[in-house]
Structure formats: structure tokens, C-alpha cells
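J.:
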Amino acid sequence: MSTPLLWNLRPSETGRQIVMFPFLGGFGASYNRLVKELSGDWDVWTVNPPGHGPSTEPPYRRLVSLVDRYLTALRDVLRPDAVFFGHSMGGVVAYHVMLAMAARPSFEGRRPTDLVLSACRGPRRLQIAGNATLPERELLERLLAFGAIPAEVAEDRSLIDLFLPAFRADYQVLEDARRMPVATLDVRARLVLGSNDPQAPASSSAEWQEHLAEPIRTHVLDGEEHMFVLSATGKLDRIFAELRDAAMPRS
Numbered sequence: 151m152s153t154p155l156l157w158n159l160r161p162s163e164t165g166r167q168i169v170m171f172p173f174l175g176g177f178g179a180s181y182n183r184l185v186k187e188l189s190g191d192w193d194v195w196t197v198n199p200p201g202h203g204p205s206t207e208p209p210y211r212r213l214v215s216l217v218d219r220y221l222t223a224l225r226d227v228l229r230p231d232a233v234f235f236g237h238s239m240g241g242v243v244a245y246h247v248m249l250a251m252a253a254r255p256s257f258e259g260r261r262p263t264d265l266v267l268s269a270c271r272g273p274r275r276l277q278i279a280g281n282a283t284l285p286e287r288e289l290l291e292r293l294l295a296f297g298a299i300p301a302e303v304a305e306d307r308s309l310i311d312l313f314l315p316a317f318r319a320d321y322q323v324l325e326d327a328r329r330m331p332v333a334t335l336d337v338r339a340r341l342v343l344g345s346n347d348p349q350a351p352a353s354s355s356a357e358w359q360e361h362l363a364e365p366i367r368t369h370v371l372d373g374e375e376h377m378f379v380l381s382a383t384g385k386l387d388r389i390f391a392e393l394r395d396a397a398m399p400r401s
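Note that our numbering has the sequence shown beginning at 151, numbered continuously upward.
(1) Alanine 352 to threonine 164, Cα distance in whole Å?
(2) So, helix, strand or coil for alanine 316, using DSSP?
(3) Going along the chain, which residues of its own chain have a beta-carbon closer than 8 Å to the beta-carbon of arginine 225, five neighbours each way excluded?
(4) Does DSSP put glycine 280 in a helix, a strand or coil?
(5) Quick one: Cα of proline 200 to Cα of isoleucine 366, how far?
(6) Over the uninterrupted beta strand (DSSP E) stretch that includes serine 167, give me the two end residues.
(7) Using the C-alpha atoms, what's the distance from threonine 222 back to phenylalanine 313?
(8) In its own chain, which residues sit with a C-beta less than 6 Å from the C-beta of glutamine 410, not counting the 5 before and 5 after it?
(9) I need the DSSP call for valine 243, collapsed to helix, strand or coil.
(10) Leaving out the 5 sequence neighbours to the left and right, which residues in its chain are closer than 8 Å to serine 355 when beta-carbon positions are compared?
(11) My assumption, with CB atoms under 8 Å, is that valine 379 sits in contact with histidine 237. Please give the rounded CB distance.
(12) Tell me the DSSP bridge mates of glycine 236?
(13) Near serine 345, what residues of its chain come up, given a Cβ to Cβ distance below 7 Å and the 5 sequence neighbours on each side ignored?
(14) Who are tryptophan 358's beta bridge partners in DSSP?
(15) In whole angstroms, give me the CA-to-CA distance for isoleucine 299 and leucine 309.
(16) If you scan the segment 338 to 383 from start to end, which runs of the alpha helix (DSSP H) of 4 or more residues do you find wholly inside it?
(17) What does the alpha-carbon distance come out to for the pair leucine 324 and valine 266?
(18) For threonine 196, which beta-bridge partners are listed by DSSP?
(19) Three-state secondary structure (DSSP) at leucine 228?
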């Protein structure tokens with residue numbers, strides 16, 4: 151059953167569970183196309199952060215508070231052998247949620263076994279210092295540069311007032327993540343990169359490896375830029391298909 155924070159966009163009692171964490175400024179419906187075009191049997195959940203999309207709450211600006219909020223919500227819905235997926239900021243947040251979950255006995259036997267990081271650098275290498283407090287026009291230009299918002303949003307005063315607080319809060323969350331000490335997570339992990347994405351270069355694989363106990367598997371999508379999650383759904387589906395039929399979690 152969906153909650154304000156977690157949307158069960160494609161329910162399945164038999165499919166493997168996947169929880170999708172949104173990119174900077176995104177919310178539950180940001181993955182609608184990907185969810186619709188996923189092949190096979192999946193139980194799909196998307197995260198709807200406070201202060202994003204239809205949420206009437208203020209956005210969270212601190213990583214620890216956001217992670218705690220997600221853990222509270224996930225406790226009631228998480229199933230064994232789940233997959234966590236996050237694009238850009240979503241990958242960083244998913245990693246930190248799993249890290250916090252590993253220290254909580256209440257998740258014993260239900261911790262996700264796979265983490266798919268998409269178009270994101272290792273947390274300590276994030277190039278976001280100062281973005282949360284940039285002047286409005288400069289912040290809008292940065293968001294436009296990598297496709298985080300369409301041009302019509304940057305030209306509409308009402309939309310700017312609606313969406314910009316969420317972007318500023320998200321950048322502050324990422325600033326917290328950038329300052330956190332390295333902690334190693336024991337999980338099967340994959341990193342998906344776009345070959346034409348300057349936001350997450352090939353070096354991102356080595357950056358993430360220092361945060362992971364097992365070797366990370368990297369997929370490079372030829373010709374794709376940063377926001378490939380909105381268009382390269384077929385390429386992503388082929389990667390997810392491997393996970394859907396993966397072995398059950400280790401004992």
C-alpha cells in the first residue's frame with residue numbers, strides 16, 4: 151500500500167521489489183516512464199521526498215534527518231532481496247539509507263541485496279560545494295546545464311518559486327554527504343554511467359569502490375548524457391533484467 155513518502159507504482163506480490171530514489175529535485179512520479187517500460191515482474195516503489203512534487207511538507211535539508219525519515223517509512227514495506235536504485239542524487243541517498251539500515255536490527259533479514267547507482271559520483275567527490283546558496287539566476291543556469299529542469303520552468307516565476315526550495319534543500323543534503331567519512335557497505339553494486347556525461351565521469355567507478363566491500367560492476371551507456379534515466383529506459387531495462395533473475399541473498 152502506498153504512503154505519502156513511498157509510492158507503490160507497480161504492485162506485485164510475486165515480483166522482486168525495487169525501490170527507486172529520485173534525482174535532484176525529483177519525486178515519486180519522476181520515474182513514471184522507466185516504471186512503465188520495465189519488463190518482467192517487479193514490485194516497484196518510488197520515493198516521494200518531503201517538499202518535492204505534491205508533498206505539502208517542507209523539504210529536508212539534512213542528510214541524517216532524511217535518512218531517518220526514509221528508514222521509518224521503509225520498515226513497514228521492505229521485503230527480502232530488494233533492489234535499491236538511485237539516479238544522481240538518488241544513488242547517494244540510497245547508499246546512505248542502506249548504510250544506516252545495516253546498523254539497525256529491525257531490518258535484519260530484509261536488507262536490500264543489490265544497489266544500482268546511476269549517473270552519480272562517489273559522495274566525497276561531488277562537485278556541489280556552495281550550490282545550495284547560489285544566487286537564483288546562477289542556480290537556474292546550473293540546473294539547466296545538465297537537464298535538471300526544462301527551460302520553461304526557468305522562465306516561469308510561479309514554477310521557480312515552487313521548485314527552487316527543493317533544489318536548494320537537495321544540494322544541502324548532498325553537501326552533508328560530501329563531508330561524511332568513508333564507510334564501507336557490503337552489498338552487490340552496479341554503477342551505470344553515460345559516456346557523454348561530464349557530471350559522472352568514468353572515474354566515478356573508482357570513487358564508489360572505496361565505499362563498497364565488493365567489486366562494483368560498471369555499465370557505460372554509449373552516447374548518453376546525465377539525465378539518461380528519462381530516455382534510455384530500454385538500456386536500463388536490460389540491466390534490471392539481470393538483477394530481476396539474480397540469485398537470492400547470501401545467508
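A virtual CB, placed ideally from N, CA and C, is assigned to each residue, including glycine.
T.: In short:
(1) 36 Å
(2) helix
(3) Ser256 and Phe257
(4) coil
(5) 31 Å
(6) One point to set straight first is that residue 167 is glutamine, not serine, in the sequence displayed. Glutamine 167 -> beta strand (DSSP E) spans 166 to 171.
(7) 25 Å
(8) Residue coverage of the chain in this structure runs from 151 to 401, which leaves residue 410 outside it and unanswerable.
(9) helix
(10) Leu341, Leu343, Ile366 and Thr368
(11) 4 Å
(12) Phe171 and Leu267
(13) Val370, Leu371, Asp372, Gly373 and Glu374
(14) According to DSSP, which records beta bridges pairwise, tryptophan 358 is partnered with nothing at all.
(15) 11 Å
(16) 354 to 359
(17) 18 Å
(18) Trp157 and Met170
(19) coil
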